[in-house]
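*Asks:* Got a structure for you, written out below as structure tokens; questions coming shortly.
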Amino acid sequence: MVILVGKVSKGTLMDQVYIPKERPFGFDVGTHVIIKPALEEEEIKPVYYNTGELESVKVMIIQKIFSELNFADNVIITGSFLEKGFQFNDIDVILIDDKKSDSVKIEQHLNKSFGLNFHIIPLDYSALLKGLETDPLYQAMLSRYVAKKRGIFRYKNKINYKVLDLHLLKSKPLTDNFDYLTGSQKYDMARNLIAIRLFLNNKKISNEIIDAIIKKLFKEETINIKQNVINKTAFLKNYRLLYNKIFDSILKGIKNGS
Numbered sequence: 000m001v002i003l004v005g006k007v008s009k010g011t012l013m014d015q016v017y018i019p020k021e022r023p024f025g026f027d028v029g030t031h032v033i034i035k036p037a038l039e040e041e042e043i044k045p046v047y048y049n050t051g052e053l054e055s056v057k058v059m060i061i062q063k064i065f066s067e068l069n070f071a072d073n074v075i076i077t078g079s080f081l082e083k084g085f086q087f088n089d090i091d092v093i094l095i096d097d098k099k100s101d102s103v104k105i106e107q108h109l110n111k112s113f114g115l116n117f118h119i120i121p122l123d124y125s126a127l128l129k130g131l132e133t134d135p136l137y138q139a140m141l142s143r144y145v146a147k148k149r150g151i152f153r154y155k156n157k158i159n160y161k162v163l164d165l166h167l168l169k170s171k172p173l174t175d176n177f178d179y180l181t182g183s184q185k186y187d188m189a190r191n192l193i194a195i196r197l198f199l200n201n202k203k204i205s206n207e208i209i210d211a212i213i214k215k216l217f218k219e220e221t222i223n224i225k226q227n228v229i230n231k232t233a234f235l236k237n238y239r240l241l242y243n244k245i246f247d248s249i250l251k252g253i254k255n256g257s
């Protein structure tokens, strides 16, 4: 196939592309052509962190996501999509970009393009670091990820008890609305609770560590919680004890002005 290289020039009413009058057959006046940038797309070599081996179809999806979001400084894929199997509800994507991206439009575009549900978190690099310093779930998210480019995340925990109090509220509905919540919602609230506990104790936070503690403290496999087949009485008893203990620690921190 013959390819011609032209240049976009500014016109009065419409911009235009000029090509030589002496040109190969197939470029007659009136011929429909495709115009695209001459620069070849840079080959993307994803950075895998603590993911293990992913299914080939997921690797293909990741490459396509990076290609679709090539305008961003970096793209980081986290969450349950990186777990083995295909039991994820959505694909969590951290979009690192200094520009203010419209996450709703991006989600709609990706949902339509892939036929999957996406959760876009638009951040600049400084906001991401601030999140890692103060939010336990940010640390859990970035304990395993696939990134378009390598990033260096250096931070120290900054315990703000008022912020942690707000985070803890996300886990409160489980005790009040147990019968009305899905298994995934119960797991997310338990996960949030354990992440806060680890953060307060200045411990490493990862999905594997959180799941191990959930199993130990609540005497339930995480898969059972996600599938909503757990012993309600025993689970709620252990959950309330842990919730109240963490709440007391946070309240004490607030009263002390920390």
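With numbering that gives the first Met the number 0, the residue at position 214 of the sequence shown is 213, and numbering never jumps. The beta carbon of each residue, even a glycine, is placed where N, CA and C say it ideally should be.
1) Over what stretch of residues does the alpha helix (DSSP H) that includes ASN223 continue unbroken?
2) From which residue to which residue does the beta strand (DSSP E) around SER8 run?
3) Classify PRO135 as buried or exposed, calling it buried when 16 or more other Cβ atoms lie within 10 Å of its own Cβ.
4) Pull up the distance between the alpha-carbon of ILE249 and that of VAL56, whole angstroms please.
5) Would you identify the three-state DSSP class for ALA71, choosing helix, strand or coil?
6) Which of helix, strand or coil does DSSP assign to ILE76?
7) Count the C-beta pairs between the stretch 115-125 and the stretch 178-188 that are closer than 8 angstroms, then say yes if the count reaches three, no if not.
8) Is GLY150 near the ligand GDP, judged by its Cβ being under 7 angstroms from some heavy atom?
9) Could you give the distance in angstroms between the alpha-carbon of ASP96 and the alpha-carbon of LYS20?
10) Do three or more CB pairs link the stretch 46-56 to the stretch 142-158 at distances below 8 angstroms?
11) Terminal residues of the continuous alpha helix (DSSP H) containing ILE213?
12) What residue range is occupied by the uninterrupted alpha helix (DSSP H) comprising ASP187?
13) Is it true that the CB of TYR124 sits closer than 8 angstroms to the CB of SER170?
14) I'd like the span of the alpha helix (DSSP H) that includes PRO172, first residue to last.
15) Quick check on VAL162: does DSSP put it in helix, strand or coil?
*Replies:* On the basis of the data shown:
1) 221-225
2) 6-8
3) buried
4) 43 angstroms
5) coil
6) strand
7) no
8) The ligand content of the structure shown is nil, which means the ligand GDP is not present either.
9) 43 angstroms
10) yes
11) 206-217
12) 182-199
13) no
14) 172-175
15) helix
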